[in-house]
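Read in order, the letters of the sequence shown are residues 685 to 956 in my numbering. Built from N, CA and C at the ideal position, the CB exists for glycine as well. Take a look at the structure set out below.
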Amino acid sequence: MISNGIPKQERHPCFFAKSKKKYGRVHLPVAPSCNIACAYCRRDYDCANENRPGVTREVLSPRGALERFQHVLERMPNICVAGIAGPGDAFCHPESTLTTFELIRKHFPDISFCVSSNGLNINPYIRDLHDLGVRFVTITVNAVDPGIGSLLVRQAVLDGKRYTGKAASSLLIAQQISAIEGLKSLGFTVKVNTVIVPGVNEDHCLFVAKQMASLGVDLMNLLPLIPLAKTEFAHVDPPSRRQIKKLRDSAGRYLPQMHHCQRCRSDAAGCL
Ligand code: SF4
Ligand code: SF4
685 MISNGIPKQE RHPCFFAKSK KKYGRVHLPV APSCNIACAY CRRDYDCANE
735 NRPGVTREVL SPRGALERFQ HVLERMPNIC VAGIAGPGDA FCHPESTLTT
785 FELIRKHFPD ISFCVSSNGL NINPYIRDLH DLGVRFVTIT VNAVDPGIGS
835 LLVRQAVLDG KRYTGKAASS LLIAQQISAI EGLKSLGFTV KVNTVIVPGV
885 NEDHCLFVAK QMASLGVDLM NLLPLIPLAK TEFAHVDPPS RRQIKKLRDS
935 AGRYLPQMHH CQRCRSDAAG CL
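Okay, structure coming up:
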């Protein structure tokens, strides 16, 4: 691993813009399924909360992920971060996520780990993540109001029980808030992704920013909706660059904003 003036804990190209040209990350697609149904998601594609929608990836086993990681590191020695960001949710079947981190940690004690999730089911695994040396977590929070949230998430399944409508969105929000509290209490660096859906949550995202700031979240990534065919928002015009900039400027009063997200694929590798 190369070294220079940037401290090790800041060598994450997404969380620290100064690292984006020097250090790379690799996404390991080990999470096949999802425990919620976002209204803008096509389940045959990668999770749209973190990845560029419209791309389908093969899913790797934890052992396959280790092999891929070793292979990528040989070609790109500036890789500093191994992350799991789909193609579904990392905690729908947490065993794959945790086993992948465990295997890589055995071989690469110095590598940083990050994980993205919708936050529904990360709570029971926060201590495990910490013990495995995961330090960066992204949670997608599109709403902090169950009424608005219910327009964005259609169902949630937790502990074998299925929730729909406002019950699903209330549950998701409560789980996300308690997850963020738990993560911050153990010293994780936490980013929140918020997908902006015009006519649904574009005005609400400032409330999201304010509440996330009060929970100690470190960074916010406002992402424009990418309308996918055959979804509820297929005909919604995505927010323009200007709108996104304006929203980031306003939300920036509460939380630092990410401006360089590339919406990578769930198997992306290299510098951003
Ligand atoms: Fe799709 Fe939402 Fe699940 Fe991501 S969290 S895979 S966008 S339903
Ligand atoms: Fe970083 Fe955004 Fe790519 Fe995730 S999708 S690895 S946050 S640039």
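Identify every residue that forms a DSSP beta bridge with residue i.
{"i": "Pro873", "result": "Note that residue 873 is Thr in the sequence shown, not Pro. DSSP output for Thr873 lists Phe820 as bridge partner(s)."}
{"i": "Cys904", "result": "Sequence check: residue 904 is Met here, not Cys. Val876 and Gln941."}
{"i": "Thr848", "result": "Gln839"}
{"i": "Pro771", "result": "Ala715"}
Pull up the CB-CB distance for residue i and residue j, whole angstroms please, since I reckon it's below 8 Å.
{"i": "Thr873", "j": "Met904", "result": "The Cβ separation is near 13 Å, so there is no contact."}
{"i": "Ala851", "j": "Asn719", "result": "Actually they are not in contact, since the Cβ atoms of Ala851 and Asn719 sit about 14 Å apart, beyond 8 Å."}
{"i": "Ser745", "j": "Ala774", "result": "The Cβ separation is near 15 Å, so there is no contact."}
{"i": "Ala863", "j": "Gly772", "result": "With 8 Å as the limit, Ala863 and Gly772 do not qualify as a contact, their Cβ atoms being about 17 Å apart."}
{"i": "Pro830", "j": "Ile806", "result": "The pair is not a contact, with the Cβ atoms about 19 Å apart (cut-off 8 Å)."}
{"i": "His888", "j": "Ala827", "result": "6 Å"}
{"i": "Glu916", "j": "Ala701", "result": "Not confirmed; about 33 Å, so no contact."}
{"i": "His711", "j": "Asp951", "result": "6 Å"}
{"i": "Ile768", "j": "Thr781", "result": "5 Å"}
{"i": "Glu865", "j": "Leu931", "result": "With a Cβ gap of about 25 Å, Glu865 and Leu931 do not count as contacting."}
{"i": "Ser796", "j": "Val765", "result": "5 Å"}
{"i": "Lys875", "j": "Gly900", "result": "Going by Cβ atoms, the distance from Lys875 to Gly900 rounds to 12 Å, so no, they are not a contact pair."}
{"i": "Arg741", "j": "Pro713", "result": "5 Å"}
{"i": "Ile880", "j": "Pro908", "result": "6 Å"}
By DSSP, does residue i sit in helix, in strand, or in coil?
{"i": "Cys764", "result": "strand"}
{"i": "Ile806", "result": "coil"}
{"i": "Gln941", "result": "strand"}
{"i": "Phe797", "result": "strand"}
{"i": "Pro911", "result": "coil"}
{"i": "Gln839", "result": "strand"}
{"i": "Ala863", "result": "helix"}
{"i": "Pro830", "result": "helix"}
{"i": "Ala952", "result": "coil"}
{"i": "Ala918", "result": "coil"}
{"i": "Ser924", "result": "coil"}
{"i": "Ile690", "result": "coil"}
{"i": "Pro697", "result": "coil"}
{"i": "Cys889", "result": "helix"}
{"i": "Val756", "result": "helix"}
{"i": "Gln895", "result": "helix"}
{"i": "His777", "result": "coil"}
{"i": "Phe785", "result": "helix"}
{"i": "Arg811", "result": "helix"}
{"i": "Arg932", "result": "helix"}
Going by other Cβ atoms of all chains shown within 10 Å of its Cβ, with 16 needed for buried, is residue i buried or exposed?
{"i": "His696", "result": "buried"}
{"i": "Glu751", "result": "exposed"}
{"i": "Val895", "result": "The sequence shown places Gln at residue 895, not Val. That one is buried."}
{"i": "Lys692", "result": "exposed"}
{"i": "Leu870", "result": "exposed"}
{"i": "Ala834", "result": "According to the sequence provided, residue 834 is Ser. The question's Ala does not apply to it. By the 10 Å Cβ count, Ser834 comes out buried."}
{"i": "Asp974", "result": "Summary: the structure shown does not reach residue 974, with the chain confined to residues 685 through 956, and so no result is reported for it."}
{"i": "Gln859", "result": "buried"}
{"i": "Glu734", "result": "buried"}
{"i": "Ser961", "result": "Lying outside 685 to 956, the shown extent of the chain, residue 961 is not represented and no answer is given."}
{"i": "Ser853", "result": "buried"}
Whole runs of the beta strand (DSSP E) within the segment 703-750, excluding any shorter than 3 residues: 708-711 and 720-722
Distance cut 6 Å, beta-carbon to ligand 3 heavy atom: residue list by chain order: As presented, the structure is devoid of ligand 3, carrying ligand 1 and ligand 2 as its sole ligands.
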